[in-house]
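Novice:
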Amino acid sequence: MIRKQRIALALIGFAILCFGVGALSRGHLHYRNWWGAAVFAPFAIVVSILAFAAALKWRSREPEAFNTIRLKDRHDHSQL
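Just so we're aligned: 21 in my numbering is position 19 of the sequence shown, and the numbers increase by one with no gaps anywhere.
1) Where do the N-terminal and C-terminal ends of the alpha helix (DSSP H) with arginine 34 fall, by residue?
2) Could you tell me if serine 50 is buried or exposed, where buried requires 16 or more neighbouring beta carbons within 10 angstroms of its beta carbon?
3) Return the first residue and the last residue of the alpha helix (DSSP H) that alanine 17 is part of.
4) Between which residues of its own chain and isoleucine 9 is the CB-CB distance below 8 Å, once the five residues before and five after are set aside?
5) Mind checking which residues open and close the alpha helix (DSSP H) that includes alanine 57?
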């Protein structure tokens, strides 16, 4: 993931975590989301922890693979 996307995912996960914990701390199992639908707070907490963990652990492998291919191409052309 691109760094900005990882930061955005972490912030969204943290916000959802705060909503879920806030609802549970008030003694409610549900809270209302932006559209007015009920959200089960423990489920929101689990999803937010997964999103936060994905943002911290998930790393993009594209630049490494791209550089490896470019180095191989340069090496092959230099031997011709």
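Virtual Cβ for every residue (Gly too), placed ideally from N, Cα, C.
Specialist: Taking the coordinates as given:
1) By 1-based counting over the sequence shown, the position of residue 34 is 32. Run containing arginine 34: none in the alpha helix (DSSP H); it sits in the beta strand (DSSP E), 32-34.
2) In the sequence shown, residue 50 corresponds to position 48, counting from 1. By the Cβ neighbour-count rule, serine 50 is buried, with 16 or more other Cβ atoms within 10 Å of its own.
3) As a working note, residue 17 is residue 15 in the sequence shown. 5-27 is the span of the alpha helix (DSSP H), which, as asked, contains alanine 17.
4) Residue 9 sits at position 7 when you count from the first residue of the sequence shown. The answer, listed in chain order, is Ala57.
5) Sequence index remark: in the sequence shown, residue 57 carries index 55 (1-based). If you look at alanine 57, you'll find it in the alpha helix (DSSP H) that goes 43-59.
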